[in-house]
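Asks:
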Amino acid sequence: MTGLPLLSLMLLVPLVGAVISLVSARETARMVALIATLIDLALGLVLWMHYDIGGAQWQFQEHADLFTGFSWKLGIDGIALTLIALTVFLMPICIGASWNAIEKRAGEYYAAFLFMETLMIGVFTAQDLFLFYIMFEAGLIPMYLIIGIWGGAERIYASYKFFLYTLLGSVLMLIAMFWMANEAGTTDIPTLMQYDFPTSAQTWLFLAFFASFAVKMPMWPVHTWLPDAHVQAPTAGSVILAGVLLKMGGYGFIRFSLPMFPIASAHFAPLVWGLSIAAVVITSLIALVQHDMKKLIAYSSVAHMAIVTVGLFAFNRQGLEGSMVVMLSHGLVAGALFLAVGVIYDRLHTREIARYGGLAINMPYYALFFLLFTMASIGLPGTSGFVGEFLSLLGIYQQSSLVALISTTGIILGAAYMLYLYRRVVFGVQKHADAAAMPDLDMREWAMMAPMAVAVLWMGVYPETFMAPMRKDIGTLEARVAIAKPRGDADVKTFARNGAATAVALNLHAQGVK
Amino acid sequence: MNMLPSLLSIAAEELISSATLVLLLWAAWGGDKAARAISIAAFAVLVAAAALAMPALAGGIGGHATLAFDGHLKMDAFAAFAKLLIYLGAGVTLVIAPAFFDRSNEMRAEFPLLVLLAALGMGIMVSANDMLTLYIGLELNSLAAYVLAAFLRSDGRSAEAGLKYFVLGSLASGILLYGISLTYGFTGTTSFDGIRAALGVGALSIGATFGMVFVLVGLGFKISAAPFHMWTPDVYEGAPAPVTTFFATAPKAAALALLMRVSLDAFGGQPGAWQQIVVFSALLSVVIGALGAIGQDNIKRLLAYSSINNVGFMLIGLATGTPAGASAMLVYLAIYVVSSVAAFVVVLQMRDAQGAAVESIADLGGLSRTRPGLAAVLAVVMFSLAGIPPLFGFWAKFVIFQAAVQAHLVVLAGIAIAASVIGAFYYIKVVKVMYFDDVADKVRGGGTFANTVLLAASTLFLSPLGYLLTRWLGTLAGNAAAALFRLG
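First to last, the sequence lines map onto chains A and B. Start counting the first sequence at 4; every next residue gets the next number (the working numbering). Start counting the second sequence at 81; every next residue gets the next number (the working numbering).
#1: Cα separation between A:E324 and A:V311?
#2: What does A:I159 touch in chain B if you count any residue whose Cβ is under 8 Å from its own?
#3: To test your reading of the DSSP string, which unbroken alpha helix (DSSP H) runs of 4 or more residues are found completely within the region 414-488 of chain B?
#4: So, is B:W552 buried or exposed, given that buried needs 16 or more other C-beta atoms within 10 angstroms?
#5: The region 174-200 of chain A: which residues have C-beta closer than 7 Å to a C-beta of chain B, in chain order?
#6: Would you say the region 165-179 of chain A touches the region 204-215 of chain A, given that touching needs at least three Cβ pairs under 8 Å?
#7: Could you check whether the Cβ of B:I495 sits closer than 7 Å to any Cβ belonging to chain A?
#8: Using 10 angstroms around the beta-carbon of B:N389, count the other beta-carbons present and answer buried if the total reaches 16, otherwise exposed.
#9: Am I right that B:L373 and B:L382 are in contact with their C-beta atoms under 8 Å? What's the rounded C-beta distance?
#10: Which whole-angstrom value describes the C-beta separation of B:G345 and B:R276, a residue pair presumed to lie in contact below a C-beta threshold of 8 Å?
#11: Ordered along the chain, which non-local residues of its own chain (more than five positions away) have a Cβ less than 7 Å from that of A:F340?
#12: For B:F161, which of B:F180, B:A130, B:R183, B:N185 has the nearest alpha-carbon?
#13: Just the Cα atoms here: how many angstroms apart are B:G143 and B:A133?
#14: How would you list, in chain order, the residues of chain B whose beta-carbon sits under 7 Å from the beta-carbon of A:T31?
#15: Using Cβ-Cβ distances below 9 Å, what residues of the region 269-296 of chain B are close to chain A?
#16: Compare the C-beta of A:F70 against all C-beta atoms of chain B and say whether one is closer than 7 Å.
#17: Tell me which same chain residues have a C-beta within less than 8 Å of the C-beta of A:I409, skipping the five on either side of it?
#18: With a threshold of 6 Å on Cβ separation, who are the neighbours of B:A159 within its own chain once the five nearest residues in sequence on each side are excluded?
#19: Looking at the structure shown, is A:F63 part of a helix, part of a strand, or coil, going by DSSP?
#20: Which of the three DSSP states is assigned to A:G360 in this structure?
#21: Under 7 Å Cβ-Cβ, which residues of chain B neighbour A:I56?
#22: Between which two residues does the beta strand (DSSP E) carrying B:L137 extend?
#23: Under 7 Å between the Cβ atoms of B:R451 and B:V523?
#24: Provide the residue(s) that pair with B:R524 in DSSP beta bridges, ordered along the chain.
#25: Who does B:S271 pair with in a DSSP beta bridge?
#26: Please say whether B:S271 and B:D210 have beta carbons closer to each other than 7 Å?
#27: Can the beta-carbon of B:A189 be found closer than 7 Å to that of B:D112?
#28: Skipping 5 residues on each side, what residues in its chain have a beta carbon closer than 8 Å to that of A:I150?
#29: Are at least three pairs of beta-carbons, each pair with one atom in the region 186-205 of chain A and one in the region 493-502 of chain B, less than 8 Å apart?
#30: Report the three-state DSSP secondary structure of B:H144 (helix, strand or coil).
#31: So the alpha helix (DSSP H) B:K512 belongs to, where does it begin and stop?
#32: On a Cα-Cα basis, can you pick out the residue from A:G478, A:W228, A:P8, A:S287 that is closest to A:Y423?
#33: Flag this pair as yes or no: are the beta carbons of A:S395 and A:S326 separated by less than 7 Å?
#34: Comparing alpha-carbon positions, which option in A:P265, A:F256, A:A309 lies nearest A:V225?
#35: Determine the direct distance from the alpha carbon of B:F347 to that of B:A91, and round the result to whole angstroms.
#36: Starting from the C-beta of A:Q433, find all residues in its chain whose C-beta is less than 7 Å away, skip the five residues before and the five after it, and write them out in chain order.
The following block contains the structure:
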């Protein structure tokens, strides 16, 4: 452990950068933003290196009594660590993606992004209920401005939709938080994760939190803000949305819903499964017919996030670990795909799939990267997408083979829409002269794509690097939800085969629940 | 009876009233040319009065030691807290008014005097411990306020605002007085302590219930809570901008404090009787304030609906009937007063090339490019009023809803907070116009130095830095609420 308050420092650096770039001209602002995000990346590496795998559950804890009602309390476990790593990894790439694309009001733009970084890291490090809420909710303001000022033609509609949807989802959670703080007498998240709320209250508490996280995630049918926001946001905005903001929903389920309301989580698991499989099938089919590249990837994000929720509510280690890996992988892959769209959007200023074609001829390196990320999105073994989806589906198969069966169609449909996209954009004949004249990746784009590609392959070939820090925390969570774990398909089948002996065991199990 | 302790404890009121008389003479001799100097003197008087009121903030908890004049006035921490907010609002009005009225050559020496008289009346209101003292304070404030609303004599809208305010305000005063007389008739006393004792804790008689309802309705008019809010948008729109600033801050704080004192002290033994009225009014205010604002194009009318909406949230604090709720209400009030100051000073700054006020929201288009500082301040205020963290306005809603949940009003809190999302719609609409829309380029001209200082100070308060004040503000409001509940 280092003596420095590392987490506060990671929050402070982008904030200072934000203030500086707010009052700077374009060239200074983007340089400040790049430096600030790189410093945070370096701090993130220090954090990872000093993180004691298998040590205390909560590390790097900081505490300062600055306010009434809540306190400045930070700390991370392995789950938070990986998500922070994802955030600090994506941020410099986002700045790179904006380097030339953002011409108007650049100072404000980079300030908004740096402010976002502070808030995202804040969400993953907050150990106080209300500090979490403030960080979680405050992201609305910069994101609203990013979409509204620098977005596409329909940006105003999209920014409203994003703002009001997420706000409505979150305010109910706030009421639930007040109730919990009142009931448990503390706002300390680690304590609350051990607290047993009354079963009757868990139901509505779960629903209040669910409203917030389901919108953030987003789950079908409250996902409709996402395609609009994605399509209208600038490239870097989409990367951050898909890469990190959506993960806040999943993180919320892992940090709050499952450990704090295990009984209600088990109770509502069929609801979550139902919404998830609906999402997988419906949004995949919708993705298949999109003409807009960003919209297609946005719908595919909803489908991938549905795999995350299915895995989370499988209540077993494979499901939980798989969900975390899907989240990390999707953060990289969806981010990379939006970057890939951004690269050609910067050249031709259209996202219309039909305007491209035959890019493999004039942009071979671009085609190579795009292919890698397409394959990762489909979940090809050897890429990051495979590891997580396989584990999640394995986890849910033990609970419900039917849900697993339908969820798996998402992989098939995913292959269909992604390959179809790839064929139309990269292969085929060069239909349009302007598209055929586009130059291949330049140095800046190489610098953005290459780290993403390395990370995707690394996570696909050796996922242990990313799973080791969170293994113990997933184990703790699995033990916590075990008391409420619903009886799954696997249990029932064992029962049919082994007859009486298992019946006794199951009875004991059922009594244990009561 | 020894008068000295009583006279000492109302030093702030004595200072303001005697200073007003002296300044009145100065105004009579000096004429309108002395208006600016009188404004400065009046501001100094308010600062001195605030200094005199301040010691009571920490002490004075525990009832009788703070009573003055046979229990007609009560100088406790609660009164001191409310008075500081009132003096803040009045002081800001005095600072921003001269530059505004000078433009049309309508700065008169009466303006600072009327503000002082209103502040004096409000000081009496919040310290009242007797229905009659209450009424005297309220009328002193109201009569001054009617004149202030109509202060721009050449402007038809200002005259209309003054007249509307006068007619509806008088009606409300009449209802209030009728309620006071009924309460007196059924309890045999006008003192709050006496009423509380006479009503007891059992079932209320029909007559006393009527009295209480009329009193609450009268006060509901004064705080512009729905369904008694109709006058607010017209008066806010018509009155000169500095006067609107005044109305949105000082009298609002005073009337809310008065409502708290009456409900929690005089009728404090009968919370069940008034709670449902307050809950109903709170919900209606939140919803009407939110829905009514959506269609508004005039920024002053929008802020009027926003004030109705905010009063609704504050009434939730009152509805809890607990010290935590009262303390939350005071915290909310303090934050709301600062937000209003910031919002109205921005409104005041917005003038076109001819110097005429720009009030249409559509004319703010692209303000972030032509006047980035002004737009940023208004954006901060709007997000803060919408209660979006990390701005300090979130803290106001935070304490209110926390108190409501602690008092088991979870459903009320849930409905109100869902309605606040509707409110967020029109707040972010203003931000949208300023930041996303094309440049309308209507707003010209700079502000005075004093306005800039006010804007900077209030924006810093509303920024996340405000959270560093939560402990201090919480302690002060907690003390004040404890005094109200006679704890301590």
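The beta carbon of each residue, even a glycine, is placed where N, CA and C say it ideally should be.
Replies: So, to answer that:
#1: Spanning the two alpha carbons is a distance of roughly 10 Å.
#2: Within chain B, the residues near A:I159 are K512, F516.
#3: Runs of the alpha helix (DSSP H) inside the region 414-488 of chain B: 447-450, 452-465, 473-486.
#4: Under this definition B:W552 is an exposed residue.
#5: Against chain B - using a Cβ distance shorter than 7 Å - the residues of the region 174-200 of chain A are V174, L175, L177, I178, F181, W182, N185.
#6: Using a Cβ-Cβ distance cut-off of 8 Å, the region 165-179 of chain A and the region 204-215 of chain A are in contact, since at least three pairs of beta carbons, one from each stretch, lie closer than that value.
#7: Interface flag for B:I495 against chain A is unset, since no Cβ pair is found closer than 7 Å.
#8: Label assigned to B:N389: buried.
#9: In the sequence under discussion, the amino acid at residue 373 of chain B is Ala, which differs from the Leu named in the question. Rounded to the nearest angstrom, the Cβ distance from B:A373 to B:L382 is 5 Å, consistent with a contact under 8 Å.
#10: Per the sequence shown, the amino acid found at residue 345 of chain B is Asp instead of Gly. With a Cβ gap of about 7 Å, B:D345 and B:R276 count as contacting.
#11: The amino acid at residue 340 of chain A is misidentified as Phe; the sequence shows Leu. The residues are I300, F376, S380.
#12: From the listed residues B:F180, B:A130, B:R183, B:N185, the smallest Cα separation to B:F161 is found for B:A130.
#13: Because B:G143 sits at a pLDDT of 44, beneath the cut-off of 50, its placement in the model cannot be relied upon, and the point is left open.
#14: Simply none; closest approach about 17 Å.
#15: Listed by position, the residues of the region 269-296 of chain B near chain A (Cβ gap below 9 Å) amount to none.
#16: Chain B contact via Cβ: present.
#17: The answer, listed in chain order, is I280, V283, V284.
#18: Here the set comprises V206, S207.
#19: It is a strand residue.
#20: Three-state result, A:G360: coil.
#21: Contacts between A:I56 and chain B, judged by CB atoms closer than 7 Å, are missing: the closest CB pair is about 33 Å apart.
#22: Element bounds for B:L137: n/a, residue is neither H nor E.
#23: For B:R451 and B:V523, yes; Cβs fall inside 7 Å.
#24: Note: B:R524 sits in a beta bridge opposite B:R431.
#25: B:D210, per the DSSP bridge assignment.
#26: Yes, Cβ-Cβ distance for B:D210 and B:S271 is below 7 Å.
#27: Yes. Within cutoff.
#28: Residues of the same chain with a CB within less than 8 Å of the CB of A:I150, apart from the 5 flanking positions on each side, are R158, A161, S162, F165, A232, Q235, A236, G240 in chain order.
#29: Contact between the region 186-205 of chain A and the region 493-502 of chain B is absent, because fewer than three Cβ pairs lie under 8 Å.
#30: In this prediction, B:H144 has a pLDDT of 44, which is less than 50 and means its spatial position is unreliable; what the coordinates show is noted afterwards. Helix at B:H144.
#31: Going by DSSP, B:K512 is part of the alpha helix (DSSP H) stretching over 490-515.
#32: For the set A:G478, A:W228, A:P8, A:S287, the Cα lying nearest the Cα of A:Y423 is the one of A:S287.
#33: Yes, these two residues count as a Cβ contact at 7 Å.
#34: Nearest C-alpha to A:V225 among A:P265, A:F256, A:A309: A:A309.
#35: Going from the Cα of B:A91 to the Cα of B:F347 covers about 28 Å.
#36: Counting only Cβ-Cβ distances below 7 Å, and skipping sequence neighbours, we find G360, G361, I364, A439.
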